[in-house]
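Colleague: In this note's numbering, the protein residues as written are 1 to 181.
Have a look at this one before I ask anything.
Given below as structure tokens:
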């Protein structure tokens, strides 16, 4: 097994890019190809030279399983570059809704890609989170299903990684709880 340092470098620096030659080494049997499946959690992005958008998703889900729909989950992709900071995540809902509209054309296969959308609202905004949530519901065009607000925390930055800036005890924070309510 290769050490983490032996992994191919990623163009974005976040993840190792997939190696098609390695993926092709083993093909697994599709156990129940007729069973309808909803993929409940996926991401799409085009950043730092790393791309995974509707074309790549459609190719992956056409592998023989009966994927009928997918749920897009926030990954800080396509946030708005302008406007109030609190409303920038609305851009991700707009993006996912656009992908869903593209998927509905049938041009990317039969699955309803981004049939559901889970986005981010900063719940530390307290009462001010409500208008952001309302904007995301509107932008989702009936596809918006909920929000994701990561609460992962660890005192050791080596363990916490990208979550090191999350506050300890976030879920007990009174302002967060107001935003949650």
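Ideal Cβ positions, reconstructed from N, Cα and C, are used throughout, including at glycine.
Just the C-alpha distance for residue 47 and residue 75, rounded to the nearest angstrom, thanks.
Modeller: Within the chain shown, numbered from 1, the residue matching residue 47 stands at position 47. Within the chain shown, numbered from 1, the residue matching residue 75 stands at position 75. So the alpha carbons of these two residues sit roughly 12 Å apart.
Colleague: What distance in whole Å lies between the Cβ atoms of residue 125 and residue 86, which are believed to be in contact at a cut-off of 8 Å?
Modeller: Position 86 of the chain shown holds residue 86. Position 125 of the chain shown holds residue 125. Correct: roughly 6 Å between the Cβ atoms.
Colleague: With the cut-off set at 8 Å, would you say residue 113 and residue 58 are in Cβ contact?
Modeller: Working through the chain shown from its first residue, we reach residue 113 at position 113. Working through the chain shown from its first residue, we reach residue 58 at position 58. Contact: yes.
Colleague: So, residue 71 versus residue 145, is the Cβ gap smaller than 8 Å?
Modeller: Within the chain shown, residue 71 is the residue found at index 71, counting from 1. Within the chain shown, residue 145 is the residue found at index 145, counting from 1. The answer is yes: Cβ separation under 8 Å.
Colleague: Quick check on residue 13: buried or exposed, where buried means 16 or more other Cβ atoms within 10 Å of its Cβ?
Modeller: Mapped onto the chain shown, residue 13 falls at position 13. Because the pLDDT at residue 13 is just 49, under 50, the model does not fix this residue reliably, and the value given afterwards should be weighed accordingly. So residue 13 counts as exposed.
Colleague: Which residue or residues does DSSP assign as beta-bridge partners of residue 36?
Modeller: The residue given as residue 36 occupies position 36 in the chain shown. Partner(s): 66.
Colleague: Mind checking whether residue 64 and residue 110 have CB atoms under 8 Å apart?
Modeller: Position 64 of the chain shown, counting from 1, holds the residue named residue 64. Position 110 of the chain shown, counting from 1, holds the residue named residue 110. Cβ atoms of residue 64 and residue 110: not closer than 8 Å.
Colleague: Beta strand (DSSP E) containing residue 60: first to last residue?
Modeller: Working through the chain shown from its first residue, we reach residue 60 at position 60. Taken as a continuous stretch (DSSP letters only), residue 60 belongs to no beta strand (DSSP E), being part of the alpha helix (DSSP H) at 54-61.
Colleague: Please classify residue 82: is it buried, with 16 or more other beta-carbons within 10 angstroms of its beta-carbon, or exposed?
Modeller: Numbered from its first residue, the chain shown carries residue 82 at position 82. Under this definition residue 82 is an exposed residue.
Colleague: Grab me the residues of residue 176's own chain with a C-beta within less than 7 Å of its C-beta, minus the 5 sequence neighbours each way, in chain order.
Modeller: One-based indexing of the chain shown puts residue 176 at position 176. So the list reads 123, 124 and 170, once near-sequence residues are dropped.
Colleague: Assuming the contact rule is C-beta atoms closer than 8 Å, residue 129 and residue 179 should be a hit. Round their C-beta distance to whole Å, please.
Modeller: Here residue 129 corresponds to residue number 129 of the chain shown, with the count starting at 1. Here residue 179 corresponds to residue number 179 of the chain shown, with the count starting at 1. At roughly 4 Å, the Cβ-Cβ gap stays under 8 Å, so residue 129 and residue 179 are in contact.
Colleague: Report back the beta-carbon spacing between residue 42 and residue 93 to the nearest angstrom; my notes put them in contact at under 8 Å.
Modeller: One-based indexing of the chain shown puts residue 42 at position 42. One-based indexing of the chain shown puts residue 93 at position 93. At roughly 15 Å, the Cβ-Cβ gap does not stay under 8 Å, so residue 42 and residue 93 are not in contact.
Colleague: Decide if residue 20 is buried, meaning its Cβ has at least 16 other Cβ atoms within 10 Å, or exposed.
Modeller: As a working mapping, residue 20 is identified with position 20 in the chain shown. Answer is exposed; the Cβ neighbour count stays below 16.
Colleague: Could you tell me which of 133, 166, 134 and 121 sits nearest to residue 148, measuring between CA atoms?
Modeller: On the chain shown, position 148 is the one that residue 148 refers to. Shortest Cα-Cα distance from residue 148 to any of 133, 166, 134 and 121 involves 121.
Colleague: I think residue 100 touches residue 143, with their Cβ atoms under 8 Å apart; what is that distance to the nearest whole Å?
Modeller: Looking up residue 100 in the chain shown gives position 100. Looking up residue 143 in the chain shown gives position 143. Indeed they touch by this definition, with Cβ atoms about 6 Å apart.
Colleague: Cβ of residue 40 within 8 Å of Cβ of residue 66?
Modeller: Here the question's residue 40 lines up with position 40 in the chain shown. Here the question's residue 66 lines up with position 66 in the chain shown. No, these two residues do not count as a Cβ contact at 8 Å.
Colleague: Got a sec? Which residues, its chain only, sit under 7 Å from residue 53 by beta carbon, not counting five neighbours each side?
Modeller: The count along the chain shown starts at 1 and reaches residue 53 at position 53. Excluding positions up to five away in sequence, the list reads 44 and 46.
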